Amino acid sequence: MNFRVIAKYMGNILMLEGAFMLPAIFVALIYKEFSSIPAFAITILLCLVTGFIFYKTKQTNRGIYAKEAYISVALGWIVLSLFGSLPFVISGYIPNLVDAFFETVSGFTTTGSSILENVELLSNSMLYWRSFTHWLGGMGVLVFLMAIVPMSNTKGGGEGLALMRAESPGPSVGKMTPTLRETARILYLIYVVMTIIEIILLFVTGMPLFDSIVLSFGTAGTGGFGIRVDSIDGYSYISQAIIAVFMMLFGINFSIYYLVLMKDFKSAIKNEELKVYLGVIAIATLLIFFNVKGSYDSSGVALLDSYFSVSSIITTTGYATANFDLWPQLSRFILVAIMICGASAGSTGGGVKVSRMIIMAKAINREIISVISPRKVKTITMDGKPISEVVIKNTLTYFCVYWFIAIGSMFLLTVLEGFNTEVTVTAVMACINNIGPGLDMVGPAGNFSMFSPLSKIILSLNMLIGRLEIWPMLLLFTPSVYKNASRK
11 MNFRVIAKYM GNILMLEGAF MLPAIFVALI YKEFSSIPAF AITILLCLVT
61 GFIFYKTKQT NRGIYAKEAY ISVALGWIVL SLFGSLPFVI SGYIPNLVDA
111 FFETVSGFTT TGSSILENVE LLSNSMLYWR SFTHWLGGMG VLVFLMAIVP
161 MSNTKGGGEG LALMRAESPG PSVGKMTPTL RETARILYLI YVVMTIIEII
211 LLFVTGMPLF DSIVLSFGTA GTGGFGIRVD SIDGYSYISQ AIIAVFMMLF
261 GINFSIYYLV LMKDFKSAIK NEELKVYLGV IAIATLLIFF NVKGSYDSSG
311 VALLDSYFSV SSIITTTGYA TANFDLWPQL SRFILVAIMI CGASAGSTGG
361 GVKVSRMIIM AKAINREIIS VISPRKVKTI TMDGKPISEV VIKNTLTYFC
411 VYWFIAIGSM FLLTVLEGFN TEVTVTAVMA CINNIGPGLD MVGPAGNFSM
461 FSPLSKIILS LNMLIGRLEI WPMLLLFTPS VYKNASRK
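The following block contains the structure:
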């Protein structure tokens, strides 16, 4: 294990975090929140000093292999969340470290679950930092580092590819351009431009500038931290519609946008995952609309709330315009189902991912055909291209481990808390799928403050496991990884 190269990445991450906290100080100055400035200043100093010490670690071998990449990503996200929680603790807004850690992990993993009973008590600078964690975590911290710092001396960018595979969502990750650094830059350019467009649209349609910025951060990262107790319900219908559309857009694989930029519209339109993703949104919206419209005075509002909730849940954003916990059982079941499904691979959304669902469905179909016709050989394809057996195996393994961890977490929470099944199950599913709200006490009108410190740590790990797609976090706690074995 090359601990020195891991230390260097921790240094880069901490210095980056310190730099990204600087705008929060400017927000505090603008709104004359002078009591919040020391909390950010102290944390920035700690990030920069600690990061510089790690960064200056001497290295004899710059090589990084798969296990170093996975450990770097998992440890990096924990360190990022721990230091990112310090402003809340130092300022006294969230004095309990476990609570602050839960809130910050929820931010960086773009989950949106909160322990705050009244978010409006936070200062604007704290609200800004809280929402910005969504934006930074949405595309990935290591991906951002790759965009600005050379990560490998090799032409193929093997070092960066290992890191991107460890951090990026989806069953497989590859380069869109000849170099990984250029790929990372294009991804972040698309991300930044889309965020700016949403900010402008929200602002010109009447939303205050500060609200437009922080809510766009939450939409872009598909995180869902609101700055009002009623989430998005208090804003105009046009603002709600804009946010709903952008949640859906940020749930699309960013490689689709790259194809559009390259004017390869044919490949973009024919993308199988995109068709299924949009189809699921359309069908779920219509089913919920017809199920709930009787309880609304206006069909238009019922349709908007239905679409907004579906867009929010399938992309695992978590914003809300209605308390869907009060909706009929069918609507609630549909939301839980798409909660597990999640958004597209290569997007900022969470969940199992639509592409994995497609692969699993095709794998099951192939097994059924093999039972009926044992001699018939059927190749599983996606977008007309064959999928390797390795990807199929990894997808099925992922799904099995996913449920093993989810059920294990539900068991632990049941033992520790004793809440009803609906609360326990949806709390775990909301965290491991990086959604935010569940049902009942953890629904859109509730929060996670009633859980014990140990349960909050378990749920925090669920959020990290979900965002990093299991393997980095599992390897971090696997003793055999640290033995002096082969690093291949």
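Using this note's numbering, read the sequence shown as starting at 11 and increasing by one per residue. C-beta atoms are modelled at their ideal positions from N, C-alpha and C, and glycine is treated no differently. Since we're looking at a predicted model, the values are computed, not measured.
Relative to the alpha-carbon of residue i, which residue among the options has its alpha-carbon at the smallest distance?
| i | options | result |
| --- | --- | --- |
| Phe343 | Glu432, Tyr492, Pro384, Ser226 | Glu432 |
| Asp243 | Gly328, Lys42, Ala17, Leu126 | Gly328 |
| Ile324 | Leu26, Ser305, Ser357, Val302 | Ser357 |
| Tyr492 | Ser380, Lys388, Thr434, Glu78 | Glu78 |
| Gly117 | Glu399, Tyr138, Ile100, Pro105 | Tyr138 |
| Leu397 | Tyr412, Ile368, Phe421 | At residue 397 the sequence reads Ile, which differs from the Leu that was named. It is Ile368. |
| Gly289 | Lys276, Ser305, Ile262 | Ile262 |
| Val153 | Cys351, Thr120, Arg195 | Arg195 |
| Ile200 | Met460, Phe142, Tyr267 | Tyr267 |
| Ile252 | Phe264, Val239, Lys280, Ser222 | Ser222 |
| Asn22 | Arg477, Trp145, Val83 | Val83 |
| Leu297 | Ser319, Ser308, Ala278 | Ser319 |
| Pro454 | Arg477, Cys441, Lys395, Val239 | Val239 |
| Asn443 | Val99, Gly359, Gly231 | Gly359 |
| Leu437 | Leu426, Val37, Leu469 | Strictly speaking, residue 437 in this sequence is Ala, with Leu absent from that position. Minimum Cα distance to Ala437 is reached at Leu469. |
| Val89 | Lys18, Glu192, Leu211 | Lys18 |
| Leu58 | Phe30, Lys42, Lys68, Ile40 | Phe30 |
| Ile415 | Leu471, Gly304, Met217 | Leu471 |
| Ser365 | Leu340, Tyr287, Glu113 | Tyr287 |
For residue i, which three-state DSSP category applies?
| i | result |
| --- | --- |
| Pro218 | coil |
| Thr391 | strand |
| Pro489 | helix |
| Pro338 | coil |
| Pro97 | helix |
| Pro33 | helix |
| Pro384 | coil |
| Pro396 | strand |
| Phe44 | coil |
| Leu55 | helix |
| Gly147 | helix |
| Ile242 | coil |
| Gly478 | Here the sequence assigns Leu to residue 478, which means Gly is not the residue at that position. Leu478 falls in the coil class under three-state DSSP. |
| Phe235 | coil |
| Thr229 | helix |
| Ala355 | coil |
| Ser500 | Because the chain spans 11 through 498 in this model, residue 500 falls outside it and cannot be assessed. |
| Ile23 | helix |
| Asn404 | helix |
| Gly166 | Its pLDDT being 41, under 50, Gly166 is placed unreliably by the model, and the measurement read from it follows with that caveat. Note: Gly166 maps to coil in three-state DSSP. |
| Ile262 | coil |
| Thr327 | coil |
| Ala17 | helix |
| Ser82 | helix |
Report back the beta-carbon spacing between residue i and residue j to the nearest angstrom; my notes put them in contact at under 8 angstroms.
| i | j | result |
| --- | --- | --- |
| Ile291 | Ser321 | 7 angstroms |
| Met258 | Leu197 | 18 angstroms between Cβ atoms; not a contact. |
| Gly361 | Ala353 | 6 angstroms |
| Glu282 | Met392 | 6 angstroms |
| Gly216 | Ser241 | Not a contact, Cβ separation roughly 18 angstroms. |
Within 10 angstroms of its Cβ, does residue i collect 16 or more other Cβ (buried), or is it exposed?
| i | result |
| --- | --- |
| Lys165 | Residue placement at Lys165 cannot be trusted, given a pLDDT of 38 that sits under 50; what the coordinates show is reported in the next sentence. So Lys165 ends up on the exposed side. |
| Leu449 | buried |
| Tyr408 | buried |
| Asp315 | buried |
| Ile16 | buried |
| Thr295 | buried |
| Glu127 | exposed |
| Pro482 | buried |
| Met272 | exposed |
| Thr205 | buried |
| Ser45 | exposed |
| Pro97 | buried |
| Pro447 | buried |
| Asn430 | exposed |
| Ser91 | buried |
| Trp337 | buried |
| Glu399 | exposed |
| Gly122 | buried |
| Asn12 | buried |
| Ala110 | buried |
| Ser124 | buried |
| Phe260 | buried |
| Trp413 | exposed |
| Glu113 | buried |
| Leu131 | exposed |
Should residue i be listed as close to the ligand PLP, given that the test is whether its C-beta is under 7 angstroms from any heavy atom?
| i | result |
| --- | --- |
| Pro33 | The ligand PLP is absent from the structure shown, which contains no ligand whatsoever. |
In chain order, each alpha helix (DSSP H) run of at least 4 residues that lies wholly inside the segment 412 to 458: Fully enclosed alpha helix (DSSP H) runs of 4 or longer: 431 to 442.
Runs of alpha helix (DSSP H) wholly within the segment 104 to 141 (minimum 4 residues, chain order): Taken in chain order, the whole alpha helix (DSSP H) runs of length 4 or more contained in the segment 104 to 141 are 107 to 118.
Sequence ranges, alpha helix (DSSP H) only - wholly within the segment 286 to 321, length at least 4: You should have found no qualifying run.
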